[in-house]
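Undergrad:
2 protein chains.
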Amino acid sequence: MPKPNKTPVLFTSLSPALLNLYDITNSVVVVIDVLRATSTIATALYNGAKEIIPVDSVNDCIRIGKQMGAITAGERDGKVAEGLQYGNSPFEYPESFIKGKTLVLTTTNGTKLLHMALANGANEIITGSFANLDAVADFLIKKNKSVLLACAAWKDRINIEDMLFAGAVIDKVKSHFSINCDSSKIAEGLYNEASPDLFEFMKTKQASHYQRLSSYGLEKDIKHCLTANTASVLPIYKEGKLIQG
Amino acid sequence: MPKPNKTPVLFTSLSPALLNLYDITNSVVVVIDVLRATSTIATALYNGAKEIIPVDSVNDCIRIGKQMGAITAGERDGKVAEGLQYGNSPFEYPESFIKGKTLVLTTTNGTKLLHMALANGANEIITGSFANLDAVADFLIKKNKSVLLACAAWKDRINIEDMLFAGAVIDKVKSHFSINCDSSKIAEGLYNEASPDLFEFMKTKQASHYQRLSSYGLEKDIKHCLTANTASVLPIYKEGKLIQG
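Respectively, the protein sequence lines represent chains A and B.
177 is the number that this note's numbering gives to position 177 of the first sequence; each next residue is one higher, with no gaps.
414 is the number that this note's numbering gives to position 169 of the second sequence; each next residue is one higher, with no gaps.
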């Protein structure tokens, strides 16, 4: 007998501290860390990186980087972590630098969340950011499988930019999913309010991450990370690595 | 030497699972469970209840109710809990019934959060709902102390109505606080979008709790709980009891 044609569900987790509320064993999990891990991941893969190895700790990053002769990169609290070569800005990974190379990456929130999702039984993980918005939305529609949009937030505190991206995805895919999730509805509303000018919205609201990065002179990064479809790739997690899907 | 005149801070915790991110030992904690625990608490006190004893479990509710000869009330999953006399609707507590009496109350989310706040070191707890919006806002401004708006949510999942109330409070008190908290900013924006007609907003969004309560025929409760200042009292937690402040 054919299976009943059931509409898949979509939920949004606004903080890693809420991840365990959702059964993700049969869902596509979209890891979202707009400023800046998942934007940088999309950009590096789009510019030809062979693969990106997300790791939890700076020590692992250094160790694995040495073993593989790979580039080590990452940040803690928004700055290049001590002992690593590169940071977490998409601008550090142009094609001329990254093509064909392996990047070992650790970040404050994004890579941590990815490992939490694995620990919680996720078996299909992709990463999302405005840089690859359409690639993510198209993939989710095509898969026709339940989805968890998982925001990396900032040290478990909910942030505006990851919620904006969740809202942007929902805005694109909602007719394909059953959405009974207040967080998703709030995210979509927030995105609709902000969509005329995401950067201006972040600035006017004085979003916490806007303040943090702009105090380091990184408005350029914020603007870039809020621009849609600058890096149309689909980073998929397979056997410890993020590769082009 | 006089203390420096420091602006107090305000944060919003959108779920009990996020409560431990905030140091609440020197803050006023506002426990928010709009549908319906904190609306019912305000209503019962406004209508002359002597005191309300919030308890964690149905068993404690029955035991303490017997010991004190008090009214036992509460819900689990939106319905009157087995073994208790009354439910969690403000309409069950008119003056003719509740005046001078003690109410022992247990609810799915609100009373649980109150006990979590105590366990996390809170020493000043009040409860908030649209029913006593202005009383809460006036108290917070007068205290001139840091604030955590703590949403009870639904089994740790963020909900729209508690966030709306947090936003309503922020809208009233924001000029008196330093607010560097994305959750607070999102809540305020949500409230501003919804404020022309909160009930219509909940209905249009098909908020999860709107669906749950309206399926029990409780639209009347939802409407009442979204109406401002129907019960202008300030419930303060003192020595195990909520009393009029």
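Note that CB positions come from ideal geometry on N, CA and C, so glycine has one too.
What you are looking at is a predicted structure, and each value in this text was computed from that prediction instead of being measured.
Beta strand (DSSP E) containing arginine 402/B: first to last residue?
TA: Neither: arginine 402/B is in no beta strand (DSSP E) and is coded neither H nor E.
Undergrad: Between Leu198/A, Lys205/A, Ser175/A, Phe201/A, which has its C-alpha nearest lysine 430/B's C-alpha?
TA: Nearest option by C-alpha distance: Lys205/A.
Undergrad: Mind checking the stretch 401-415 of chain B against chain A and listing, in chain order, the residues whose C-beta falls within less than 8 Å of any C-beta there?
TA: Going along the stretch 401-415 of chain B in chain order, one finds Asp401, Arg402, Ile403, Asn404, Ile405, Met408 with a Cβ nearer than 8 Å to chain A.
Undergrad: Given a cut-off of 8 Å, decide if alanine 262/B and asparagine 348/B are closer than it, judged by their beta-carbon atoms.
TA: According to the sequence provided, residue 348/B is leucine. The question's asparagine does not apply to it. Contact flag unset, no.
Undergrad: Using a C-beta to C-beta distance shorter than 8 Å, which residues of chain A count as neighbours of glutamate 438/B?
TA: Within chain A, the residues near glutamate 438/B are Gly189, Glu193.
Undergrad: Would you say serine 15/A reaches chain B, if we count a Cβ-Cβ gap shorter than 8 Å as a contact?
TA: Chain B, which has a Cβ nearer than 8 Å to the Cβ of serine 15/A, makes this yes.
Undergrad: Who does glutamate 320/B pair with in a DSSP beta bridge?
TA: Per DSSP, Val325/B.
Undergrad: Could one say the Cβ of alanine 207/A lies closer than 8 Å to chain B's Cβ atoms, at least one of them?
TA: Chain B contact via Cβ: present.
Undergrad: Residues of chain A with CB under 8 Å from serine 428/B, in chain order?
TA: Here the neighbours are Arg157, Ile158.
Undergrad: Taking Cβ to Cβ, would you say glycine 366/B is nearer than 8 Å to alanine 397/B?
TA: For glycine 366/B and alanine 397/B, no; Cβs fall outside 8 Å.
Undergrad: Could you tell me whether any Cβ in chain A is nearer than 8 Å to the Cβ of isoleucine 286/B?
TA: Taking Cβ atoms only, chain A never reaches closer than 8 Å to isoleucine 286/B, which makes this a no.
Undergrad: Report yes if the C-beta distance between serine 39/A and serine 178/A is below 8 Å; otherwise report no.
TA: No; because the gap between Cβ atoms is not below 8 Å, this pair is not in contact.
Undergrad: Rounded to whole angstroms, what's the CA-CA distance from alanine 476/B to asparagine 377/B? Just pull it up for me.
TA: Those two C-alpha atoms are separated by around 5 Å.
Undergrad: Tell whether a beta-carbon distance below 8 Å holds between isoleucine 98/A and asparagine 20/A.
TA: No, they are not a contact pair.
Undergrad: Applying a beta-carbon distance threshold of less than 9 Å, which residues of chain A neighbour asparagine 271/B?
TA: Residues of chain A passing the Cβ test: none, with the nearest at roughly 19 Å.
Undergrad: Please determine, among Thr12/A, Ile236/A, Ser175/A, Lys143/A, the residue with the shortest C-alpha to C-alpha distance to isoleucine 126/A.
TA: For the residues Thr12/A, Ile236/A, Ser175/A, Lys143/A, the minimum Cα distance to isoleucine 126/A belongs to Ile236/A.
Undergrad: Is the beta carbon of leucine 105/A closer than 8 Å to that of isoleucine 141/A?
TA: In this structure, leucine 105/A does not lie closer than 8 Å to isoleucine 141/A by Cβ.
Undergrad: Taking the C-alpha atoms as reference points, what is the distance between valine 325/B and asparagine 333/B?
TA: Cα to Cα, the separation comes out at about 7 Å.
Undergrad: Using a Cβ-Cβ cutoff of less than 6 Å, which residues in the same chain neighbour serine 183/A once the five nearest sequence positions on both sides are dropped?
TA: Closer than 6 Å at Cβ, skipping near neighbours: Thr12, Leu14.
Undergrad: Between isoleucine 309/B and chain A, is the shortest Cβ-Cβ distance under 8 Å, so that the two count as touching?
TA: Not closer than 8 Å to any Cβ of chain A, the Cβ of isoleucine 309/B fails to qualify, so no.
Undergrad: Measuring straight from C-alpha to C-alpha, what distance separates lysine 203/A and leucine 113/A?
TA: Looking at the two C-alpha atoms, the distance is approximately 26 Å.
Undergrad: Locate the alpha helix (DSSP H) running through isoleucine 297/B, then write down its first and last residues.
TA: First-last for isoleucine 297/B: 296-299, but that is the beta strand (DSSP E), not the alpha helix (DSSP H).
Undergrad: Taking serine 302/B and serine 391/B to be in contact with their CB atoms under 8 Å, please state how far apart those CB atoms are, rounded to whole angstroms.
TA: The pair is not a contact, with the Cβ atoms about 31 Å apart (cut-off 8 Å).
Undergrad: Taking just the CA atoms, how far does lysine 346/B sit from arginine 457/B?
TA: The alpha-carbon atoms of arginine 457/B and lysine 346/B are separated by roughly 30 Å.
Undergrad: Tell me whether the beta-carbon of glutamate 193/A lies closer than 8 Å to the beta-carbon of glycine 412/B.
TA: Cβ distance not < 8 Å, so glutamate 193/A and glycine 412/B don't count as in contact.
Undergrad: What residues of chain B sit near isoleucine 186/A, judged by a beta carbon separation below 8 Å?
TA: Residues of chain B passing the Cβ test: Ile403, Ile405, Met408, Ile431, Leu435.
Undergrad: Measure the alpha-carbon distance for leucine 218/A versus tyrosine 455/B and round it to whole angstroms.
TA: Between leucine 218/A and tyrosine 455/B, the C-alpha separation is close to 42 Å.
Undergrad: Across which residues does DSSP place glycine 128/A in a beta bridge pair?
TA: In DSSP, glycine 128/A forms a bridge with Ile32/A.
Undergrad: So what does DSSP say about leucine 19/A, is it helix, strand or coil?
TA: Helix.
Undergrad: Hey, would you say aspartate 322/B sits closer than 8 Å to threonine 352/B, going by beta carbons?
TA: No, these two residues do not count as a Cβ contact at 8 Å.
Undergrad: Between Lys50/A, Glu92/A, Asn59/A, Tyr86/A, which has its C-alpha nearest isoleucine 224/A's C-alpha?
TA: Reading off the sequence, residue 224/A comes out as histidine, not isoleucine. Histidine 224/A has its Cα closest to that of Glu92/A, out of Lys50/A, Glu92/A, Asn59/A, Tyr86/A.
Undergrad: Does any residue of chain B bring its CB to less than 8 Å from the CB of asparagine 180/A?
TA: Taking Cβ atoms only, chain B reaches closer than 8 Å to asparagine 180/A, which makes this a yes.
Undergrad: Just tell me which of Ala395/B, Asp401/B, Ser453/B has its CA closest to the CA of alanine 432/B.
TA: Measuring from the Cα of alanine 432/B, the nearest candidate turns out to be Ala395/B.
Undergrad: What are the uninterrupted segments assigned as beta strand (DSSP E) that are 3 or more residues long and contained completely in the stretch 135-212 of chain A, given in chain order?
TA: Qualifying beta strand (DSSP E) stretches, in chain order: 147-151.
Undergrad: Starting from the C-beta of aspartate 33/A, find all residues in its chain whose C-beta is less than 6 Å away, skip the five residues before and the five after it, and write them out in chain order.
TA: If we look at aspartate 33/A and ignore the five residues flanking it on each side, its Cβ neighbours are Asn109, Gly110, Ala152.
Undergrad: To the nearest angstrom, report how far apart proline 94/A and valine 169/A are at their CA atoms.
TA: The alpha-carbon atoms of proline 94/A and valine 169/A are separated by roughly 26 Å.
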